[in-house]
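Step one of this worksheet: look at the structure below.
Residue numbers (this note's numbering): 66 to 660.
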């Protein structure tokens with residue numbers, strides 16, 4: 066059995082899935098149970114445990130073989146800045162002034178450097194390092210990150226700083242090495258990535274400990290994975306080194322839900338996906354059936370990183386967004402003050418409007434049924450505050466009282482305004498991506514005209530809103546099966562992924578297999594060309610995945626000659642391989658709704 070749990074801003078969703086024969090064919094799985102509990106943002110662990118207990122009640126826990134968790138823990142810590150100060154130890158070398166890279170709460174800039182070929186041009190000053198580390202300690206810095214500009218081509222200086230830290234009993238609790246985070250060059254992005262990795266590591270360590278204790282108490286001995294923002298998974302134990310990869314998981318879970326439950330891959334259609342939750346709406350994009358990735362890496366808190374992630378845009382608009390009237394105009398969100406008024410919440414929400422218009426009724430996802438009268442009263446309190454001139458068209462078409470429109474008219478205005486906001490954002494996204502390089506799993510697409518054909522919907526309010534949204538966009542509407550727990554299903558079926566970068570410089574006779582931590586001289590008798598580099602990248606990816614049968618693809622490769630004085634001295638080759646993100650199987654049960 067497989068458990069998938071996705072922690073959202075409003076609800077934590079869970080699914081328990083069983084394989085009938087263990088063969089993992091597409092039609093071999095069935096959903097045994099689902100769970101939806103209110104997310105406790107103060108104690109996310111309790112939300113996960115509650116969802117888990119709902120799922121496994123009455124089941125044989127020993128039958129659970131795989132658990133995949135998608136959590137907002139790292140994202141929330143970063144957005145709310147609930148982490149200890151981080152000190153950055155930078156080794157920039159010559160070039161642009163490193164002052165602009167001082168993202169840390171305290172920053173130490175060292176004088177040694179490695180050149181672009183991976184050769185040490187200037188060694189570190191050990192006294193300078195020791196003096197700087199003492200200064201970081203004096204400022205009560207507990208978490209640090211060490212980042213050299215070309216450390217992925219030679220980590221010697223980063224490793225030297227870490228060796229000094231380990232040999233001198235400093236009080237640092239977390240030390241991130243920049244070269245271990247990504248095989249790609251880009252010093253500014255690497256600095257930001259390392260900063261956030263050190264920031265969330267202590268929180269992530271506590272989370273891992275709590276997960277282990279919870280499973281031990283329930284006598285569950287399953288493989289545990291965490292979803293990553295590229296749509297793949299990473300084993301719980303290995304995630305402790307790179308917790309920064311577990312940010313922005315809500316959109317990743319929804320996109321994986323589409324890949325698991327939808328038919329885009331077979332139909333090769335271009336589509337926009339919408340995950341409409343209680344707090345936010347996550348927008349994803351598929352081109353020819355494949356999800357789109359961020360070209361360089363995702364942004365975290367507005368800062369660019371090297372974290373590979375699926376393309377998504379989140380807007381603070383959902384079924385439980387608080388509705389108010391500001392200067393005579395309706396304001397939907399961005400804040401959420403609680404559930405819908407119909408469910409005992411303190412303020413009117415789009416969910417209340419949908420209930421009044423008859424789009425939804427009693428819903429088992431809530432602990433108690435909807436109170437229609439409470440919904441009507443909450444919206445009624447807004448009607449006298451509207452500026453009639455702003456909504457004259459609505460009021461005239463409805464024949465409504467200009468000074469106090471009916472609650473039904475007001476509900477119609479709210480839903481129309483909400484859907485207009487989502488539609489505008491989708492059109493902005495499509496326009497902004499035109500004539501820009503776009504990455505899918507398979508390739509880089511240039512100069513592509515993006516013309517979506519399908520609007521895919523999931524999340525609690527999706528069924529009520531999807532047809533209206535698709536009509537405004539002139540797309541075909543498809544409600545994803547199991548729409549209310551599609552995120553959890555997407556997480557449950559996401560396959561483990563990782564990437565490997567191989568760089569060979571025959572002029573200096575040096576080999577880097579970056580993510581594997583291999584940096585060495587080419588041995589006597591070793592002969593490299595681009596095909597050999599590809600083979601090495603594939604072999605090491607399988608080795609690191611501990612799965613010789615996994616499918617590995619080459620995602621990028623380049624080579625160029627090293628020429629000096631009209632003589633060719635050698636060749637530099639760089640190859641990137643990865644396990645393709647996607648579901649371990651596709652769950653094709655449940656009704657599919659096309660319009």
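From the three backbone atoms N, C-alpha and C, an ideal C-beta is built for every residue, glycine too.
DSSP places residue 496 inside the alpha helix (DSSP H), whose first and last residues are 472–498. Within the region 414–461, no run of beta strand (DSSP E) reaches 3 residues while sitting entirely inside it. When rounded, the separation of the alpha-carbon atoms in residue 471 and residue 395 is 15 Å. The beta-carbon distance between residue 243 and residue 268, rounded to whole angstroms, is 20 Å. This is too long to meet the 8 Å contact definition.
About 7 Å separates the Cβ atoms of residue 217 and residue 250, confirming a contact at the 8 Å cut-off.
In this structure, residue 339 sits away from residue 376, with a CB-CB distance that is not shorter than 7 Å.
Between residue 640 and residue 622, the C-beta spacing is below 7 Å. Contact between residue 587 and residue 601 is ruled out by a C-beta separation of about 11 Å, above the 8 Å threshold. Residue state for residue 620 is assigned as strand, using DSSP reduced to three classes.
When DSSP states are grouped into helix, strand and coil, residue 281 belongs to the helix group.
Judged by DSSP in its simplified three-state form, residue 608 adopts helix. In this chain, residue 132 is not harboured by any alpha helix (DSSP H); it is covered by the beta strand (DSSP E) spanning 131–135. Of the candidates 94, 67, 185 and 320, the residue whose Cα lies closest to the Cα of residue 121 is 67. Runs of the beta strand (DSSP E) lying entirely within the region 313–352 and spanning at least 3 residues, in chain order: 336–341 and 346–352. Secondary structure note for residue 162: it is in no beta strand (DSSP E), with a DSSP letter that is neither H nor E. Apart from sequence neighbours up to five positions away, the residues of its chain that approach residue 128 with a beta-carbon distance below 6 Å are 66, ordered along the chain. Cβ neighbours of residue 608 within its own chain (closer than 7 Å, five residues either side excluded): none.
Uninterrupted alpha helix (DSSP H) stretches at least 4 residues long and entirely within the region 216–265 occur at 221–232, given in chain order. Residue environment: residue 401 is assigned as buried (16 or more neighbouring CB atoms within 10 Å of its CB, all protein chains considered). Taking all protein chains shown into account, residue 203 has fewer than 16 neighbouring C-beta atoms within 10 Å of its C-beta and is therefore exposed.
Rounded to the nearest whole angstrom, the CA to CA distance from residue 561 to residue 282 is 26 Å. In this structure the region 187–196 does not touch the region 137–146; the number of beta carbon pairs closer than 8 Å is below three. Nearest neighbour of residue 341 by Cα position, chosen from 550, 147 and 581, turns out to be 550. Under the three-state reduction of DSSP output, residue 387 falls in the coil class, being neither helix nor strand.
Inclusion of residue 262 and residue 309 in the CB contact set at 7 Å is warranted, their separation being smaller than that value. By the criterion of a C-beta distance shorter than 7 Å, residue 581 is surrounded in its chain by 565, 605 and 609, once the five residues flanking it on both sides are discounted. Taking the Cβ atoms as the reference, residue 312 lies roughly 6 Å from residue 365, within the contact range of under 8 Å. Within a 10 Å sphere around the beta-carbon of residue 319 sit 16 or more other beta-carbons, which makes this residue buried.
7 Å or more divides the Cβ of residue 324 from the Cβ of residue 590.
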